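The next block holds one structure in the form of structure tokens; read it before the comments.
Chains as they are written, first to last, in our numbering: chain A, 1 to 115; chain B, 1001 to 1114.
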């Protein structure tokens, strides 16, 4: 079974530039999550989708971050304009349903460095 | 409010000796608790989970954890460390009800000395 795919794996940009990350979840997984993991910290949820609808985006900095999952399958996370503090690993995860008693499957992450 | 505290940022053990990674939680509800492992340049992987069934939970690769409500703890243990256990371990809490969200601890880096 193919896992959660993310790209690019690494990205270096200058502040005020824009960047986009792509995620393809495990086939059949209805729920998709984007997490931000800053060095030395645990992952923090940015946004959660159920199919193509947003379940929780309370921690997403909406002035610069946006995410979409138009067809209920793959998803894109965009940052525009980037700030130095956005340097982090962006993790995508998917699960069969919405209940967190189920298992989340994580991709390998996209590491962003903002100079 | 939900949160977890991982008491050690770094634990070092010799191969073949026991592993203990400590975690305390805070939750307004009866929580679900998880341990995830992250190997270098790999995705996070679920080790085990507690969801109000048996308090002693067995996971993959010989790890287990015990839910102790009186101590608000969910420590991760393994009788004998293997070199392949070297990784970052995250304790995670989620409310049984309410928003579907995972709250991660800051992680414990486990080093295994040959």
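Note that the Cβ used here is the ideal one computed from N, Cα and C, for glycine as well.
Please read these numbers as outputs of a predicted model, since none were measured by experiment.
Given residue i as reference, the closest of the options once Cα atoms are compared
i, options, result
"residue 63(A)", "93(A), 73(A), 108(A) and 16(A)", "16(A)"
"residue 1014(B)", "1094(B), 1085(B) and 1090(B)", "1085(B)"
"residue 2(A)", "109(A), 105(A) and 47(A)", "105(A)"
"residue 44(A)", "97(A), 92(A), 112(A) and 113(A)", "92(A)"
"residue 1055(B)", "1045(B), 1104(B), 1047(B) and 1069(B)", "1069(B)"
"residue 112(A)", "38(A), 71(A), 31(A) and 24(A)", "38(A)"
"residue 28(A)", "50(A), 9(A) and 79(A)", "50(A)"
"residue 109(A)", "1073(B), 1042(B), 1110(B) and 1016(B)", "1042(B)"
"residue 40(A)", "1025(B), 1071(B), 1075(B) and 1010(B)", "1010(B)"
"residue 85(A)", "4(A), 14(A), 52(A) and 56(A)", "14(A)"
"residue 1113(B)", "1082(B), 1092(B) and 1090(B)", "1082(B)"
"residue 35(A)", "1101(B), 1110(B), 1047(B) and 1109(B)", "1101(B)"
"residue 1089(B)", "1029(B), 1023(B) and 1057(B)", "1023(B)"
Whole-Å CB distance - residue i paired with residue j, under 8 Å assumed
i, j, result
"residue 1067(B)", "residue 1033(B)", "6 Å"
"residue 1031(B)", "residue 1094(B)", "6 Å"
"residue 1063(B)", "residue 1049(B)", "The Cβ separation is near 12 Å, so there is no contact."
"residue 67(A)", "residue 75(A)", "6 Å"
"residue 1103(B)", "residue 1038(B)", "In fact, because the Cβ distance is near 16 Å, the residues do not count as touching under 8 Å."
"residue 1004(B)", "residue 1105(B)", "4 Å"
Reduced DSSP category for residue i - H, G, I as helix; E, B as strand; rest coil
i, result
"residue 1094(B)", "strand"
"residue 56(A)", "strand"
"residue 1064(B)", "strand"
"residue 1014(B)", "strand"
"residue 1107(B)", "coil"
"residue 1049(B)", "strand"
"residue 45(A)", "strand"
"residue 85(A)", "helix"
"residue 1028(B)", "coil"
"residue 22(A)", "strand"
"residue 1071(B)", "helix"
"residue 1009(B)", "coil"
"residue 110(A)", "strand"
"residue 1084(B)", "helix"
"residue 13(A)", "strand"
"residue 68(A)", "strand"
"residue 76(A)", "strand"
"residue 1058(B)", "strand"
Proximal residues of chain E, C-beta to C-beta of residue i below 8 Å
i, result
"residue 1106(B)", "As a matter of chain content, chain E is missing from the structure shown, whose protein chains are A and B."
Going along the region 1018-1034 of chain B in order, which residues come within less than 7 Å of chain A, judged by CB to CB distance? So the close ones are 1032.
Residues within the region 1053-1074 of chain B neighbouring chain A, beta-carbon criterion of under 8 Å: Only those residues of the region 1053-1074 of chain B whose C-beta falls short of 8 Å from the nearest C-beta of chain A would be listed, and there are none.
Within 9 Å of chain A by C-beta, residues of the region 1033-1049 of chain B in sequence order: Going along the region 1033-1049 of chain B in chain order, one finds 1034, 1036, 1038, 1041, 1042, 1043, 1044, 1045, 1046 and 1049 with a Cβ nearer than 9 Å to chain A.
Against chain B, which members of the region 2-22 of chain A pass a CB distance test of less than 8 Å? 3 and 4
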